[in-house]
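This report refers to the structure that appears directly beneath it.
2 protein chains.
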Amino acid sequence: MLQKPSIPKGTRDFLPADVARRSYVIDIIKTQFERFGFLPIETPAMEKSTTLQGKYGEEGDRLMFNILNSGEKVKKADVDALTKNNLGLFTKSISEKALRYDLTVPFARFVVQHQNELMFPFKRYQVQSVWRADRPQRGRFQEFTQCDADVVGAVSPVLEAECIQLFDAVFSELHLKDATIRINHRGILSGITTYLGAPKRIVDFTVTLDKIDKIGASGVFDELRKKGFGDDSLSKLYPLLELSGAIDVQLDTLESILTDQPVALEGIAHLRDVLRFLSPLHVSKLAFDLTLARGLNYYTGIIFEIVPPKDVAMGSIGAGGRYDDLTALFGLKDMHGLGISFGLDRLCMVLEELDLFPKTVQQSVNIVVLHFGDTFLQDLVPHIAKWRKAGLRVLTYPTSHKLKKQMQFANQSGAPWALFYGEQEKKEGFLAIKNMANGTTEKIKIDAFAASKFIS
Amino acid sequence: MLQKPSIPKGTRDFLPADVARRSYVIDIIKTQFERFGFLPIETPAMEKSTTLQGKYGEEGDRLMFNILNSGEKVKKADVDALTKNNLGLFTKSISEKALRYDLTVPFARFVVQHQNELMFPFKRYQVQSVWRADRPQRGRFQEFTQCDADVVGAVSPVLEAECIQLFDAVFSELHLKDATIRINHRGILSGITTYLGAPKRIVDFTVTLDKIDKIGASGVFDELRKKGFGDDSLSKLYPLLELSGAIDVQLDTLESILTDQPVALEGIAHLRDVLRFLSPLHVSKLAFDLTLARGLNYYTGIIFEIVPPKDVAMGSIGAGGRYDDLTALFGLKDMHGLGISFGLDRLCMVLEELDLFPKTVQQSVNIVVLHFGDTFLQDLVPHIAKWRKAGLRVLTYPTSHKLKKQMQFANQSGAPWALFYGEQEKKEGFLAIKNMANGTTEKIKIDAFAASKFIS
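Taken in sequence, the protein lines are chains A and B. Following the numbering used here, the numbering of the first sequence begins with 6 at its first residue and continues without gaps. Following the numbering used here, the numbering of the second sequence begins with 6 at its first residue and continues without gaps.
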């Protein structure tokens, strides 16, 4: 008995309607990337393990999909390491490659490897799959698509301002009006930690702060207290969490509180520089968020995070930030970088949930040519070839099934038109073309059939 | 000391110019697929090993990239099997998934799995990467892209004729005029084998016959003699290899020789049915090739193979055929199929070699905005936003480097225009726009700058 076929957990098949929706989003993102001067690159699905290992922390190493060495090479399996439960060493003995875990580390590797072929500042975008052996759940897959744009080799508030404009442009094109672009700056978080009297505990502090959406301010205070932050620190933190009003106002308040923290003041000044480039524009959903603390193991300056509208239960749908030393991992120093990323899969789920996919997105054929016998179809061959050349998507029904069955097919195909050409039509030299939406039929002389009229 | 970063052998990075060329070809192929009524699907990069194993013969199993089970699961490694050199069993104990080896088997799995969501005849196309642990060489990679179109659930010469038209349309759009579409039919090969008195040796016979391009007719005779084919057989074969003239003429001759071989006659009749649909068209490079014998472990009817123009040393750049029982592997019988495939990577190499990529393919920005200081750029921000919204690809140089350096950048970027807006221009309320091709500069009022004029 054959098993019912299936695919690995956390992976997906995409049917034509799915591909159409995903392409719609990808096309919008790519178009905007290009309008902001980013150029496309692609990297291999498989990277050398040495390129990826150790770049994503312990969790990343654990969740990476390793490729088994081929053929005879698996004979080199380090059974001793297996026996001693040293799974890392065992894995290393039988695997030298792993699947791409994100697009950022391969990009850093790419920049170093191709530095003499590139022009800096280099702006690249990349839309490719990544793989993580994570436990699948809503919005989290083992294979998913990232859409990244990064610029390396320059530092300028212009670039940060353009990232924000780019987020805004993509969401505007997707009619996703209520997505919020949150910004923060590592310098500000660093300055606050010092201000609270715990200069070396930025990670400890921000890990808790980042939970404020889930556990509230009181939860944050409780957790920090448990972590050993004293009442003195916590009373200093309190007013910071009360910031409100326009971004400018918030930054002013922050500046007045952190007046003795130069690193924070630099961060604030930098955000002001960025905002200056945005002031003539209307970026409606830009918000300063002091509690935003993602990616602090690599972000060194501004931090971005995009959250969907409040009524959609979904994590971030985009993120980014400045990182100043990524390529140093591969031996190239002082290559400043700034990047943003869209999560295609979650973005599609949000658009789906909010019913924001245009009705016209569904890919389909323009016209189904019904089959009244091979000889009639043969008459049409040169015409159909012409229509296709003119851009019409023509599906010829391949066999002389009963008309009812053929019409059912035409209906389900979603084609707006069905073409009849049988004995009657041949005698009269006409095509009969049925409008599938309203059921009306019009007759057109074969040679007068203008394909363009029927291209929806 | 850090190692110079690199990627696994047989894989490639694609720089912007490479991606642009590949996208050019992919877009043409996809457009033609859609005009012939095929709809896109996508399947996961990773399939369950049970789906792929045993579907590609021994070689396929050997060249498949297996994914190591994650985390604690590798503890289940069957060390005993390893000791006994049973590498297959050992692999099975630590790996349950493998990378896609082609697009056909995943498609068969897809059709069976989603049969209730699909409408038959189902025409799908798929453009995705596949992975094979093959020894890398010119035109052969470990990661490469296939572009497949298949129709399942119908049998009709219309479909075969459309496959040939589709090949022709793609090559015509690519200006690859001299690619030859070779066709043959399994029934003809089968009939010939019987005619030669060796009805059960079709594979043995065709493996040798297929080498005729390399070893010539005399080489074929030598090899067949070694394989035990007698003089009687070989003298019967001789006239078959002498076929020449138009396809119709060749089929007539063949028919007169194989008059007692019903399977061959059926094949000939089928090819004639197909040709009847093509006769009103001008498919210039269609050739009947009796020695074409690829994929005989799955093709059951017509066989296609595309070879590049003679002066390009490259194997086939496209292939296909009818297979009548592929989904039976997954428990769904009587689902007839017909498919064609383009090898993107080889196709790109052929176009490169023949210099057939249009000059306009190179992706680039339309205009580089030079940087004369943040305040000047800030003035331009709302204008640049408008131009981008209108479709212009604008790259703003992010820092006030020396003008010479900025102009070098603009030059190398390939942008046709560079925009100057500094003290002088601000005073006069103009933009100065330099045509990078001829070096001339024109002045335009900021508000009168019509983005569309500068979209190349």
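Think of the CB as a built atom: it goes at the ideal place given N, C-alpha and C, for glycine as much as any other residue. Just so we're clear, the structure is a prediction, and the values are computed from it rather than from any experiment.
Check	Outcome
Test: A:Met340 CB closer than 7 Å to a CB of chain B	no
Distance between beta carbons of A:Pro403 and B:Ser161, contact taken as under 8 Å	4 Å
Span separating the alpha-carbon of B:Met6 from that of A:Phe335	For B:Met6, the predicted model reports a pLDDT of 48, less than 50, meaning its position is unreliable; a value from the coordinates is still stated below. If I take the Cα positions, the gap works out to 10 Å.
Where the region 99–122 of chain B meets chain A: residues whose CB sits under 8 Å from a CB there	Ile99, Ser100, Glu101, Lys102, Leu104, Arg114, Phe115, Val117, Gln118, His119, Glu122
Among B:Tyr106, B:Gln120, B:Pro49, nearest to B:Phe146 - alpha-carbon criterion	B:Tyr106
Meets three-Cβ-pair contact criterion under 8 Å: the region 134–148 of chain A and the region 100–119 of chain A	yes
Given 8 Å, three or more beta-carbon pairs between the region 35–47 of chain A and the region 151–167 of chain A	yes
Contact list for B:Phe70 against chain A, beta-carbon separation under 9 Å	Met51, Ile72, Leu73, Ser75, Lys102
Whether A:Thr48 touches B:Pro49 by CB criterion (7 Å)	no
Extent of the continuous alpha helix (DSSP H) run through A:Arg398	Per DSSP, A:Arg398 belongs to no alpha helix (DSSP H) and is neither H nor E.
Any C-beta of chain A under 7 Å from that of B:Ala269	no
Min CB distance A:Phe19 to chain B below 7 Å	yes
Interface residues of the region 406–428 of chain B facing chain A [CB-CB below 8 Å]	Phe414, Gln417, Ser418
Contacts of B:Ile1 in chain A (Cβ-Cβ under 9 Å)	No statement about residue 1 of chain B is possible, as the shown extent of chain B runs from 6 to 461 and does not include it.
C-alpha gap between B:Val212 and B:Arg129, whole angstroms	31 Å
Reference B:His190, options B:Ile307, B:Phe115, B:Phe425, B:Val317, closest by Cα	B:Ile307
Test item: CB-CB of B:Gly196 and B:Val268 under 7 Å	yes
Nearest residue (CA-CA) to B:Gln118, options A:Lys78, A:Phe19, A:His180, A:Thr185	A:Phe19
Backbone CA spacing between A:Phe125 and A:Ala159 [nearest angstrom]	8 Å
Interface positions of the region 332–357 of chain B facing chain A (Cβ-Cβ less than 7 Å), listed along the chain	Phe335, Gly336
Beta-carbon neighbours of B:Glu64, restricted to chain A and to distances below 7 Å	Within 7 Å Cβ-Cβ: nothing; B:Glu64 doesn't reach chain A, min ~11 Å.
Contacts of A:Gly235 in chain B (Cβ-Cβ under 8 Å)	Correct list: empty, because the minimum Cβ distance to chain B is about 40 Å.
At least three beta-carbon pairs within less than 8 Å, the region 343–350 of chain B to the region 306–325 of chain B	yes
Unbroken stretches of the beta strand (DSSP E), 3 residues or longer, contained in the region 341–373 of chain A	342–348
Chain B contacts made by the region 167–178 of chain A, where a contact means CB separation under 8 Å	Glu167, Gln170, Ala174
Coil, strand or helix - B:Asp329 by DSSP	coil
Local Cβ density within 10 Å of A:Phe43, reported as buried at 16 or more and exposed below that	buried
Assigned secondary structure, A:Arg513 (DSSP; H/G/I helix, E/B strand, else coil)	Here chain A has residues from 6 to 461 only, and residue 513 of chain A is not among them.
Alpha-carbon to alpha-carbon, A:Ala184 and A:Lys216	20 Å
Any non-hydrogen atom of the ligand SAH within 6 Å of A:Leu92 CB	The ligand SAH is not among the ligands present in this structure, which contains no ligands whatsoever.
Contact set between A:Thr96 and chain B, taken where Cβ atoms lie within less than 9 Å	Leu73, Val79
Integer-rounded CB distance, given that A:Leu400 should sit under 8 Å from A:Ser418	7 Å
B:Leu179 burial status per 10 Å Cβ neighbour count (16 or more: buried)	buried
Residue closest to A:Pro421, alpha-carbon to alpha-carbon, out of A:Glu310, A:Gly192, A:Asn371	A:Asn371
Enclosing alpha helix (DSSP H) for B:Met412 [first to last residue]	408–418
Test: B:Lys458 CB closer than 7 Å to a CB of chain A	no
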